[in-house]
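Chains as they are written, first to last, in my numbering: chain A, 736 to 1163; chain B, 284 to 1097; chain C, 14 to 214. Worksheet: one structure, shown below.
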Amino acid sequence: MMSTSTLQETKVVTQRFDVPDGARLEGYRKTGGYEALRKALSMTPDEIIDVVKTSGLRGRGGAGFPTGTKWSFIPKDKRPSYLVCNADEGEPGTFKDRELMERDPHQLIEGMAIGAFAIGSTEMYIFCRGEFAYAARQLERAAAEAYEAGILGRKIMGSDHDLDLIIHRGAGAYICGEETALLEAIEGRRGQPRLRPPFPATHGLFAKPTVVNNVETFACVPHIITNGADWFKGFGTEKSPGTKMFCLSGDVERPGNYEVPFGTPARDLIEGFAGGVKGGKKLKAFTPGGASSTQFFGPDKLDTNMDWESVMAAGSLLGTGAIIVFAEDVCMVRAALRYTRFYAHESCGKCTPCREGTYWMVNTLERFENGQGREEDMAIMNDVAGNIMGRSFCALGDFSVAPVTSTIKLFADEYRRHIEKGGCPFDR
Amino acid sequence: MTAEQAPVTLTIDGAEISVPAGTLIIRAAETIGKYIPRFCDHPLLDPLGACRQCLVEIEGQRKPLTACTTPVAEGMVVKTEFTSELAREGQEGVLEFLLINHPLDCPMCDKGGECPLQDQALAYGPGGSRYIDPKRRFTKPVPISPLVKLDRERCVLCARCTRFSDQIAGDPFIELFERSALEQVAIFEDEPYDSIFSGNVIQICPVGALTSSTFRFRARPFDMAGADSTCNRCASGCRITVQTRRGQLVRVLAKDDPAVNEEWICDKGRFGYAYAQSPERLVEPLVRKEGEFVAVSWAEALQVVADRIIAAREGGTSSAIIAGQQLVDEDAYAISRFARTVLGTNDVDARRMLGGEGEDAVLAAIPKSITATNKDIDAAKLILTVGIDLHEESPIVFLRVRKAARKGVAVREIGPRRTTSRISGAAWTQCRPGGEAAVLAGIARALEVRGNSGLDPFTRAAMQSGDPGIPGDQIEALASTLQSAHGSVVVLAGDGLGSVPGALALAWNVTAAIGGKFGWVPRKAGARGALWAGLHPALLPGGRSAASEDDRAAFGDVWGIDPPAARGRDARAIFQNAANLGALFLAGVDPVADFEDAELAARALDDAPFVVALDLFLTESAKRADVVLPAAAVYERDGTQTNWEGRPQPVRAAVPPAGLAQSDYEILAQIADVAGVAFPQTLDALRKEMKALAVTPAAARAVTVGLPSQPPATGLLLATSQPLLDEGTMMKGADALMQTTSPVTIEINSADAAGLITGETVVVRAARSEVRAPVRVTDSVARGVVFVAAHAGFAGRNGESVQVEKAQNERAES
Amino acid sequence: MDTPLMGKAHDHVDAPPLSEKFHAEARKLIARYPAGQERSALLPMLYLAQAEQGYVSPTAMREIGDLLGLTRAQVGAVSTFYTMFKRDPQGRWLVSVCTHPSCTLAGGQQLKERLEQELGIACGETAGDVSLEEVECLCACDGAPVFSVNYENYERMTVDDAVALVNKLRTGEQPPPGARGEVPQEFGPVNHRLSGAEAPR
């Protein structure tokens, strides 16, 4: 991606993207690949967990849970344990995991292998989204190379440790990005989230101790092992250390993934790296963390620092770091409708608020687009959203209300224009 | 008290309570009479937390939590909608959501009036809906089986039905399909909801989504009267509520009894009541005059019978009674007493399967011994079933064992056919029909080798006989498993085992030797009561022996006379002696249809000079009688029924007897009265005697084992048993239920199939009968065995040699 | 009368029994998982059946149920949950169009409507060699508008060029390489790959 901005990315997990053959074992090794794993195999599991903990690495899949802490929850006396990579990227506006798997698959395998060793697991699963045909092929090619080279299989890299990798495909269900629904899918069931407790750390895959982490999270691990916790903490902020791939899309000149330290202002990403709003239009709104950002941001929030605590303080969620940009001529009601239809379609159906509530909100928003919205519908939808938020079985319900509540809050006038016009007043 | 049981103190709506650790909040609230609204929660199903109706506020938590999935914690402060705005809003919100797509069907929905959605919407709902958009529509109703109809529009997706089918019944033929707003309960297109427990989902469905095809549009709950009774279709002993509307039986529901059937009954008990009000019921006494039946008054009929009895006594000819196994306890006792004190004979028998004296020893011991109960099944480490198909013979016991297995209890089965595949972890040791005794003897030998010194001399003698034909390591494995569960074993045996010489006694003795509990699980509801009553040529009430002077003496005070000492004739011998009888009584039994040797029974009834039949219907047997007396059905009278555990349970009348019918005990009491013999005339009088004759059960002790026989070594042997849903008399009128009976099937092991493939029509030829049906080649049948699920008309005997061949033309008939 | 929601009701078209090859590969898939966890092979086997028959047929559901010791309802419960298991036979090329805002702002909705017009079908239907569907975010938003042919992405094409590509598919031509430079295989082989039958382990 040709960047004409003066800003420079901080390329940690994306450093191999432009290396020819970076996705092949030879190219990977030439750039230091699998040295972190070699080093890790000479450490103890506790030491590895300690380094990751100290580094402050937080999950990059949206929840931001401290990774080292998650790994430390695995009991040492219950085996087998499983390491699972959540490669079911589905959050609208997010495309970092896909690119990581397509362009640097060995990095993911190495990060997972280190994690597997740390939790005493000899079997790793990558749950890769069904639609990611090319990414999965890249992973399969890399896995074959790794088996061939003794990096996977029996007694890997001359150690006493066995390690197998199974690439298990999703089949078209966003909810399987929720870790317990993901485990259900691997076990051959409907992808509906499980009751917790018990937690996956003690009763995960096949009722055994399991760690589930995101692709980008695992991608950070080899670099932390190689360079140390302090090095990692040198990037970003105290509560959000390290770098992050932010996904810029929508009405921007240069959509793409940009890896920057946490704390980088949104303006740098949108106007700097991504070249600003397409066609020189004005910015109407953007999401800090994909469609599921609990609150969309207006232009007044452009100077928000992109890290977990700052975004939360500004009233939203960092989530996956998917920044979708909407220009001034976009109908926000129509956008809210499309996202709500997404949630309604992807709702697993298990719990009442999400299943019925998203259905209700879709119907109402459709009426607005067709010119049959009513003033009171906005208050009703807010109330419906309030009855979903915090009441549903899993976070999908919570996230489903974001487009509705934040567009009503920020763009109530657009809703009213639909009522006045008796239809949609926008072209796009 | 373990740490697990140590009580936890918490506050609910300001009230402090103490409950065992691990209790869910929703259950804890119930202990103080606080009902938290719910749909998906059910105390017998694993918690789900899907409907979100039971939201409560918990101090310190920012979100409301579901009370049905959250266990109590020390010091927890819980606020329900009584005291918390958050909880109230949460609950109202969920109800509003549930009602946005729910159709306004109440006026025509069966559930109206007993509907948790109606009740909870009224009590906990917002009072109105703001939804104005179109509701979700589905084609409705959809029959998912002949008995159950599904209305997907009404469904609130609580998943009680699918969880019941999967977790409790082991019949996951209904499942949730699709996702999001299209999520719906469904069957696979050509795989209907084929489960004998299917009716339970109608009862636990909290809305009118699952309705009964027999009850559809029949009655509102407030229009019905009901009686709490006990089912009599098998020996599980389920508590039921029998409901009527304007004197018509309209519905049977499961009644909650945690110790017996929890909240479940099978479809036979639920849907099979129609026979009682069939137009074919006998409603008045019939006396044969000049070859034809003539309706007469009770006075005349009783006189005819009494005269005959007196004449027989004076003429020195004996009489006999053959009784059925579905009589209530008091009727069974009355028959036994009638035989001994009015007819002066021990020629009384209630068994269809004619075992041998080896069976007698165990049958005599059962009323006097401590035997297995449901509680023992719950607490066991190992459950062994021998010679029984629990699913077909005692469905609710099957559910109990399945539940135990889900919790990790080991289950083992010995028999010619695998019947425990739906029980998780159950292992099957195959043997040929008749070989069960040899297997048990082998186990006894192995136990002895393992140092189990608990075996008795009778068993030791039986152990010497031959090799069971089963690989030694399998016998070893069974013995080892039994030994390691010493003290925590339940052995369940059925009617079938009694027909294998030596087997019942060996099973009884082995159980005693390993400190286990023995459960005799007969097919019929009245079997245990009949046993206690002494409907047996050698046994007297209370398991006493006719041969024992001391035992006979116990009756002197109660009956006024001692019963006869000589062992009576069993049913076969009674039939063989029929021509010499003064009077032959049939009480609640149809030997021509049910007995193994139907031809013998028919001939006997024709040869007997005078036959009196007490029955509900003019059966093939009753048609051969001289006097037919109309008996009351179980829904028409009070009484007691003792289940397989030995637990007496109440039977209550829900409707008056049909026509002029009377209970069996009443009929016999009146006959005795007319014949001038003192006899207890009322239920109370009978019960008083039964109480006086009660025996306190003691720990089971070993019994005499007859010598086990060896089955023939070569050729295919027949294993046959009746399915639960048969074509018996009491299925009359249950049209929808009859549509769920399975067609006759024939099963053969792949090693014996000799080129036959599943689906081909074959003919099985037994000595007196043959049957033609599609075959199933399966490894769930023992090698050298052909299994036939017997329906009416197939007179094959367990253990007999048979031939199997492909049918010549492909006409498939049963 | 049943409510549609971005999906399609069953056509209930049945198919012949699955082949020996299917059964052999299915057994290998089952063997990947620990003992007692054979059910994990269910999603892979549904892909395998789809590879052979172009959709998940009732026959396939029966046979898979028998192989895994599941009732047909249990198999159907899973296969109807996931959108990538198809209810009726698909064409050689499944064209999936994303209509989320990032893609629609770049022409996605327009593309969908034009394709429906050109092919003469609605999303969820098949015209000859081409099946058309509207999908959720394919997570390639930097390439908006995104559509895929048998899950091989085509990105940043104009609506006209995209329509022209799909029209070529109808006339029996092979598709050009996708956005990552590789040519999509036909629906059958793509599903075979999805089953994991070709994975290293």
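Every residue, glycine too, gets a C-beta built ideally from N, C-alpha and C.
Contacts around residue i, its chain only, beta-carbon distance under 6 Å, and the 5 residues preceding and following it disregarded
i, result
"residue 425(B)", "433"
"residue 1034(B)", "1066"
"residue 1066(A)", "1159, 1161"
"residue 920(A)", "911, 926"
C-beta atoms of residue i and residue j nearer than 8 Å
i, j, result
"residue 1070(A)", "residue 1113(A)", "no"
"residue 881(B)", "residue 897(B)", "no"
"residue 961(A)", "residue 899(A)", "no"
"residue 1007(B)", "residue 479(B)", "yes"
"residue 730(A)", "residue 916(A)", "Only positions 736 to 1163 of chain A appear in the structure, and residue 730(A) is not among them; the question remains open."
"residue 730(B)", "residue 795(B)", "no"
Any C-beta of chain B under 8 Å from that of residue i
i, result
"residue 90(C)", "yes"
"residue 85(C)", "yes"
"residue 189(C)", "no"
"residue 71(C)", "yes"
"residue 1099(A)", "yes"
"residue 857(A)", "no"
"residue 1043(A)", "no"
"residue 58(C)", "no"
"residue 74(C)", "yes"
"residue 1094(A)", "yes"
Sequence-distant residues of its chain with Cβ nearer than 7 Å to residue i (five each side left out)
i, result
"residue 737(A)", "Only weak support is given to the placement of residue 737(A): the predicted model assigns it a pLDDT of 45, under 50, and the value that follows is read from those uncertain coordinates. Excluding residues within five positions, none has a Cβ falling inside 7 Å."
"residue 901(B)", "565, 911"
"residue 445(B)", "457, 458, 459, 468"
"residue 818(B)", "606, 615, 618, 619, 631, 632, 633"
Counterpart residues of residue i in DSSP-defined beta bridges
i, result
"residue 823(B)", "827(B)"
"residue 980(A)", "994(A)"
"residue 687(B)", "Residue 687(B) pairs with nothing; no bridge assigned."
"residue 522(B)", "513(B)"
"residue 817(A)", "858(A), 945(A)"
"residue 108(C)", "145(C), 162(C)"
Top-ranked residue by Cα proximity to residue i, from the options
i, options, result
"residue 167(C)", "895(A), 877(A), 866(A)", "866(A)"
"residue 811(B)", "376(B), 665(B), 926(B), 480(B)", "926(B)"
"residue 976(A)", "983(A), 956(A), 997(A), 984(A)", "997(A)"
"residue 160(C)", "60(C), 109(C), 126(C)", "109(C)"
"residue 187(C)", "207(C), 173(C), 171(C), 162(C)", "162(C)"
"residue 412(B)", "899(A), 1078(A), 822(A), 1118(A)", "1118(A)"
"residue 1049(A)", "1057(A), 1039(A), 884(A)", "1039(A)"
"residue 523(B)", "957(B), 507(B), 508(B), 540(B)", "540(B)"
"residue 888(B)", "918(B), 919(B), 856(B)", "856(B)"
"residue 817(A)", "826(A), 840(A), 806(A)", "806(A)"
Residue i at chain C interface by Cβ criterion, 8 Å
i, result
"residue 469(B)", "yes"
"residue 760(A)", "no"
"residue 706(B)", "no"
"residue 830(A)", "yes"
"residue 462(B)", "yes"
Beta carbon proximity, residue i to chain A, threshold 8 Å
i, result
"residue 22(C)", "Because residue 22(C) carries a pLDDT of 43, less than 50, the predicted location of this residue cannot be relied on, and the following value inherits that uncertainty. By this cut-off, residue 22(C) is not an interface position."
"residue 200(C)", "no"
Note down, in chain order, all residues in the stretch 91-125 of chain C with a beta-carbon under 8 Å from any beta-carbon belonging to chain E. Note that chain E does not occur in the displayed structure, where the protein chains are A, B and C.
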